[in-house]
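Here is the structure we will look at, set down as C-alpha cells.
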Amino acid sequence: MEGATNNWFSNKYSIGYALSGGFIKGFAHLGAMQALLEHDIKPNIISGVSAGALAGVFYADGNEPHKVLDYFAGHKFQDLTKLVIPKVGLFELSEFKDFLKSNLKAKKLEELQLPLIITATDLDHGRLAHFHKGDIAERVAASCCMPVLFAPVKIDETYYVDGGLLMNLPVSTIRRVCEKVVAINVSPLMAPKYKMNIVSVALRSYNFMFRSNSFPEREKADLLIEPYNLDGYSNRELEKAEEIFMQGYNATNDILERLQIEKGTIWKE
1 MEGATNNWFS NKYSIGYALS GGFIKGFAHL GAMQALLEHD IKPNIISGVS AGALAGVFYA
61 DGNEPHKVLD YFAGHKFQDL TKLVIPKVGL FELSEFKDFL KSNLKAKKLE ELQLPLIITA
121 TDLDHGRLAH FHKGDIAERV AASCCMPVLF APVKIDETYY VDGGLLMNLP VSTIRRVCEK
181 VVAINVSPLM APKYKMNIVS VALRSYNFMF RSNSFPEREK ADLLIEPYNL DGYSNRELEK
241 AEEIFMQGYN ATNDILERLQ IEKGTIWKE
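Under full-length UniProt numbering, the residue at position 185 of the sequence shown is numbered 185, and the numbers go up by one with no gaps.
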C-alpha cells in the first residue's frame with residue numbers, strides 16, 4: 001500500500017503497537033507480536049525505538065514475526081557491524097544498513113504496508129525526532145545507534161543517536177491517534193553483576209536512562225507486555241534470537257491468559 005504513512009498523524013487507528021529499545025532483546029518483540037497476532041490483536045500503526053524500530057520495520061514490510069528470524073539466521077553480531085578505530089564510536093553501522101536494504105522490500109518509510117514511526121535522538125539539538133518518511137535503513141540505524149558503542153548516523157546534515165536516550169518506550173508518539181496502544185517493553189531490570197569495561201559500563205548507564213524515561217510511558221498504555229527472563233542475554237548473542245523470540249512469545253501468552261482470568265479483559269480500565 002503505497003503511501004501508508006502519509007498524514008498518519010491526522011488519522012485514527014484502532015490499535016497501535018509501541019515497541020521499546022532493548023538491543024538483542026528486540027527479538028522478544030517478534031515473539032510478543034506473534035502471540036498478539038494469534039489472539040487477533042493486530043496493529044494498524046507501529047511506533048518503534050531502536051530494537052523496536054528494527055522489529056517493527058520487518059513486520060510493517062509484510063513479514064510474519066516468526067519469519068523475521070530467518071533473515072538473521074546464520075548471522076553474527078560482527079556480520080552486521082564494523083569495528084573501527086574509536087573516534088566517535090567503537091563500531092559503525094554501514095553493514096547493518098546494507099543488511100536492511102538487502103532484506104526489506106520497501107526502501108522508504110512511506111512505502112511500507114503499515115505506518116511506522118521511528119524515534120531517534122537528534123544529537124545536535126538535544127531533542128526527539130519522529131521519522132515517518134524517508135530512507136528506512138538510515139532511520140532504523142539512527143534509532144539503534146547507541147552512543148559510544150556506535151558512531152552517530154548523519155541524516156540531512158544532522159547527527160542522530162539511539163531514541164531510547166529520551167524515549168525508550170514510544171507510547172506518546174501514537175497515543176492521541178490510537179484507541180488502544182499495546183506497549184511491549186523488552187528492557188528489563190538489569191542483572192546485578194556487570195563487567196568493568198567501556199561497553200558494559202556504557203550500556204549499564206544507558207539502561208538507567210531507559211528505565212527512568214519508560215516509567216511515564218508505561219502508564220499511558222492500554223496493555224503492557226513486559227517479557228521476563230531477558231536479563232541473562234549478552235547483547236552480542238545473535239545466535240540466541242530464536243530463544244529470545246520464544247521468551248517474548250511465551251510471556252505474552254501468559255500475560256494475556258492471566259489478565260483474561262483475573263479481570264475478564266486484557267485492556268486497562
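Glycine is no exception: its CB is placed at the ideal position from the N, C-alpha and C atoms.
These numbers come from a predicted model, not from an experiment.
Item: If I measure Cβ to Cβ from Ala51 and keep anything under 6 Å in the same chain, skipping five residues before and after, which residues do I get?; Value: Gly21, Gly22, Phe23, Gly26
Item: Of the choices Leu238, Tyr159, Phe245, whose alpha-carbon is the least far from that of Tyr228?; Value: Phe245
Item: When the Cβ atoms of the region 160 to 177 are set against those of the region 122 to 140, are three or more pairs found closer than 8 Å?; Value: yes
Item: Over what stretch of residues does the alpha helix (DSSP H) that includes residue 316 continue unbroken?; Value: No information on residue 316 is available, as it lies outside the stretch 1 to 269 that the chain covers here.
Item: On a CA-only basis, which of Asp40, Asn44, Trp267, Lys180 is nearest Ala60? Give me that one, please.; Value: Asn44
Item: Could you check whether the region 93 to 105 touches the region 137 to 154, counting it as contact only if at least three pairs of C-beta atoms, one from each stretch, sit closer than 8 Å?; Value: yes
Item: Just reading off the beta strand (DSSP E) that Thr119 is part of, what are its end residues?; Value: 116 to 122
Item: Mind checking who residue 270 pairs with in its DSSP beta bridge?; Value: Given a span of 1 to 269 for the chain in the structure shown, any question on residue 270 remains unanswerable.
Item: Tell me whether the beta-carbon of Ala53 lies closer than 7 Å to the beta-carbon of Gly248.; Value: no
Item: Please report the residue range of the alpha helix (DSSP H) in which Arg127 lies.; Value: Taken as a continuous stretch (DSSP letters only), Arg127 belongs to no alpha helix (DSSP H), being part of the beta strand (DSSP E) at 127 to 131.
Item: To the nearest angstrom, report how far apart Ile174 and Val181 are at their CA atoms.; Value: 8 Å
Item: Quick check: is the beta carbon of Tyr160 nearer than 7 Å to any beta carbon in chain C?; Value: Of the chains in the structure shown, none is chain C; there is only one protein chain.
Item: Per DSSP, which residues does Tyr13 bridge with? Please list them.; Value: Cys178
Item: Once the 5 residues before and after Asp222 are set aside, which same chain residues still bring their CB inside 6 Å of it?; Value: Lys180, Val181, Trp267, Lys268
Item: CA-CA distance, Val153 and Trp8?; Value: 25 Å
Item: Less than 7 Å between the C-beta atoms of Val186 and Ala18, yes or no?; Value: no
Item: If we ignore side chains and look at the alpha-carbon of each, how far apart do Met209 and Ala151 end up?; Value: 19 Å
Item: Quick one: measure Cβ to Cβ for Thr252 and Ala35, integer angstroms, because I've assumed they're closer than 8 Å.; Value: 4 Å
Item: Going straight from the alpha carbon of Gly164 to that of Glu262, what length do you get?; Value: 33 Å
Item: Straight-line CA distance for Leu166 to Ile117?; Value: 15 Å
Item: Assuming the contact rule is C-beta atoms closer than 8 Å, Ala28 and Leu230 should be a hit. Round their C-beta distance to whole Å, please.; Value: 6 Å
Item: With DSSP collapsed to three states, give me the class of Lys266.; Value: In the sequence as displayed, the identity of residue 266 is Ile instead of Lys. Coil at Ile266, not helix or strand.
Item: Return helix, strand or coil for Ser172, following the three-state DSSP convention.; Value: helix
Item: Rounded to whole angstroms, what is the Cα-Cα separation between Ala241 and Ala73?; Value: 8 Å
Item: At which residue ranges does the region 204 to 264 contain complete beta strand (DSSP E) runs of 3 or more residues, listed in the order of the chain?; Value: 223 to 225
Item: Mind checking whether Asn213 and Val49 have CB atoms under 7 Å apart?; Value: no
Item: Nearest by alpha-carbon distance to Lys42: which of Tyr13, Asp156, Tyr206 is it?; Value: Tyr13
Item: Check Leu19 in the structure and name its three-state DSSP category.; Value: strand
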